[in-house]
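**Q**
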């Protein structure tokens, strides 16, 4: 059978685990050179038994600002038929019977979500507490300590979970979804999207992301983001935002020891290695703003590097990079 649901997870043959496309990208760029592309099978066990392949698109391309945004995503391989019990096959999805029960608002929201490759319904930011407490198996996007945050669902619950909510604790995955929504939806469509945060309730997706120039001190309930430049301190770095808050410089510092302890530090270092080739970086951080003791500057503090996502800015032109090497 052919799939009729958006495929948001696939089984990576080389890593022997299920991954979202964002986790696949992180794992790909965490490899030493020369990097090898991954092979993916369908996340449903009946399909894997049949050798049903899935195609990973643009997971081998670093996240970067482009005039035309194309999201990394999975797609069904047209050469393979999926098992009838596949979680990405549901004959009821497109039927008139199922849609008759929808209100006009529900129908409009469903159509907007279908425009996105990986729409997130629920974001669970408290990854540290959950990892330490030893989560039960089968929770989407959970992770073992310092492992990628996307694992398999039990076969008997896969369809039920997919029917209800798409959830993650992976900030970078949420950022990709937000960036695609900004690039591909109208303002009216973007306003329809909501996000449920355990402990906070439901907020609009747009409101959950706050540009640094509109942020407030000690605000811990939003993803702060903005453009700026990076200074390296060994393996660590300091990010300086272009925009100031109440006239004060805003920075985010990551120490060498933090980078050393972070499993995906090679991925972050790979992104930061392009500092001379891009006009700027955009940083997304789930943290809080804290004034310096002198009161002359403000820092963004994060508890875990999994609460940080970095996007490359546009490449510099040939003249700007002539003394630095080729642009990406």
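Numbering (UniProt numbering), first residue to last: 1 to 328.
Note that beta-carbon positions come from the ideal geometry of N, C-alpha and C, so glycine has one too.
Taking 8 angstroms as the threshold, find out whether the region 254-262 comes into contact with the region 200-211 through three or more Cβ pairs.
**A** Touching, no.
**Q** Which same chain residues end up closer than 7 angstroms to residue 163 when comparing Cβ atoms and leaving out the 5 residues on each side of it in sequence?
**A** In the chain shown, the residue the question calls residue 163 occupies position 163. Unreliable positioning characterises residue 163 in this predicted model, as indicated by a pLDDT of 49, which lies under 50. A coordinate reading is not provided.
**Q** Can you find the residues in the same chain that come closer than 7 angstroms, C-beta to C-beta, to residue 113, ignoring five residues on each side of it along the sequence?
**A** Residue 113 sits at position 113 when you count from the first residue of the chain shown. Cβ within range, chain order: 119.
**Q** Considering only their Cβ atoms, is the gap separating residue 310 from residue 271 smaller than 7 angstroms?
**A** Position 271 of the chain shown, counted from the start, is the residue given in the question as residue 271. Position 310 of the chain shown, counted from the start, is the residue given in the question as residue 310. Cβ atoms of residue 271 and residue 310: closer than 7 angstroms.
**Q** Taking the C-alpha atoms as reference points, what is the distance between residue 184 and residue 192?
**A** Position 184 of the chain shown, counted from the first residue, corresponds to residue 184. Position 192 of the chain shown, counted from the first residue, corresponds to residue 192. So the alpha carbons of these two residues sit roughly 14 angstroms apart.
**Q** With a threshold of 6 angstroms on Cβ separation, who are the neighbours of residue 290 within its own chain once the five nearest residues in sequence on each side are excluded?
**A** Walking along the chain shown from the start, residue 290 turns up at place 290. So the qualifying residues of the chain are 299, 301.
**Q** Inspect the beta-carbon positions of residue 71 and residue 121 and report whether they are closer than 7 angstroms.
**A** By one-based count along the chain shown, residue 71 stands at place 71. By one-based count along the chain shown, residue 121 stands at place 121. No, the pair does not count as a contact, with Cβ atoms beyond the cut-off.
**Q** Taking the continuous beta strand (DSSP E) assigned at residue 74, which residues delimit it?
**A** Position 74 of the chain shown, counted from the start, is the residue given in the question as residue 74. 73-76 is the span of the beta strand (DSSP E), which, as asked, contains residue 74.
**Q** Give me the Cα-Cα distance between residue 313 and residue 63, rounded to the nearest whole angstrom.
**A** Here residue 313 refers to the residue found at position 313 of the chain shown. Here residue 63 refers to the residue found at position 63 of the chain shown. So the alpha carbons of these two residues sit roughly 9 angstroms apart.
**Q** Have a look at residue 212 and residue 45 and give me their C-alpha separation to the nearest angstrom.
**A** For the purposes of this step, residue 212 is taken as the residue at position 212 of the chain shown. For the purposes of this step, residue 45 is taken as the residue at position 45 of the chain shown. Rounded to the nearest angstrom, the two C-alpha atoms are 44 angstroms apart.
**Q** On the DSSP bridge assignment, give the partners of residue 211 in chain order.
**A** Taking the chain shown and counting its residues from 1, the one referred to as residue 211 is at position 211. In DSSP, residue 211 forms a bridge with 225.
**Q** Helix, strand or coil for residue 84 per DSSP?
**A** Counted from its first residue, the chain shown places residue 84 at position 84. Reduced to three states, the DSSP call for residue 84 is coil.
**Q** By Cβ distance, which residues of its chain are closer than 6 angstroms to residue 231, with the 5 residues on each side in sequence left out?
**A** Reading the chain shown from its first residue, position 231 is the one you call residue 231. 238.
**Q** Please name the residue in 82, 249, 13, 269 whose C-alpha comes closest to that of residue 233.
**A** Working through the chain shown from its first residue, we reach residue 233 at position 233. When only C-alpha atoms are compared, the closest one is 269.
**Q** Taking DSSP as the reference, what is the three-state secondary structure of residue 59?
**A** Within the chain shown, residue 59 is the residue found at index 59, counting from 1. In the structure shown, residue 59 sits in coil (DSSP, three-state: anything other than H, G, I, E or B).
**Q** Under a three-way DSSP split, which group does residue 275 fall into?
**A** Here residue 275 refers to the residue found at position 275 of the chain shown. In this structure, residue 275 counts as coil in the three-state DSSP scheme.
**Q** Specify the secondary structure class of residue 299 as computed by DSSP and reduced to three states.
**A** Looking up residue 299 in the chain shown gives position 299. Correct three-state label for residue 299: strand.
**Q** Determine the DSSP secondary structure at residue 261, reduced to helix, strand or coil.
**A** Taking the chain shown and counting its residues from 1, one reaches residue 261 at position 261. Reduced to three states, the DSSP call for residue 261 is helix.
**Q** Measuring only the C-alpha atoms, how far is residue 219 from residue 29?
**A** Against the chain shown, residue 219 aligns to sequence position 219. Against the chain shown, residue 29 aligns to sequence position 29. Using only the alpha carbons, I get a separation of about 32 angstroms.
**Q** Does the Cβ-Cβ distance between residue 267 and residue 26 come in under 7 angstroms?
**A** In the chain shown, residue 267 corresponds to position 267, counting from 1. In the chain shown, residue 26 corresponds to position 26, counting from 1. Yes, Cβ-Cβ distance for residue 267 and residue 26 is below 7 angstroms.
**Q** The ligand GTP and residue 73: does the residue's C-beta get closer than 6 angstroms to at least one heavy atom of that ligand?
**A** Judged by which ligands are present, the structure shown has none, so any question about the ligand GTP falls away.
**Q** Can you tell me whether residue 222 is buried or exposed, with buried defined as 16 or more other CB within 10 angstroms of its CB?
**A** Along the chain shown, read from residue 1 onward, the residue named residue 222 stands at position 222. It is buried - the Cβ of residue 222 has at least 16 other Cβ atoms within 10 Å.
**Q** For residue 28, name the three-state secondary structure that DSSP assigns.
**A** Here residue 28 is taken as the residue at index 28 of the chain shown, counted from 1. The answer is helix: DSSP assigns residue 28 an H, G or I state.
**Q** Using a Cβ-Cβ cut-off of 7 angstroms (strictly less than) and excluding sequence neighbours within five positions of residue 275, which residues of its own chain qualify?
**A** Taking the chain shown and counting its residues from 1, one reaches residue 275 at position 275. Here the set comprises 230.
**Q** Measure the CB-CB distance between residue 50 and residue 11 and report whether it falls below 7 angstroms.
**A** Taking the chain shown and counting its residues from 1, one reaches residue 50 at position 50. Taking the chain shown and counting its residues from 1, one reaches residue 11 at position 11. For residue 50 and residue 11, no; Cβs fall outside 7 angstroms.
**Q** I'd like the list of long-range same chain contacts for residue 75, defined as Cβ closer than 8 angstroms, with 5 residues on each side in sequence excluded.
**A** By one-based count along the chain shown, residue 75 stands at place 75. The answer, listed in chain order, is 7, 54, 55, 57.
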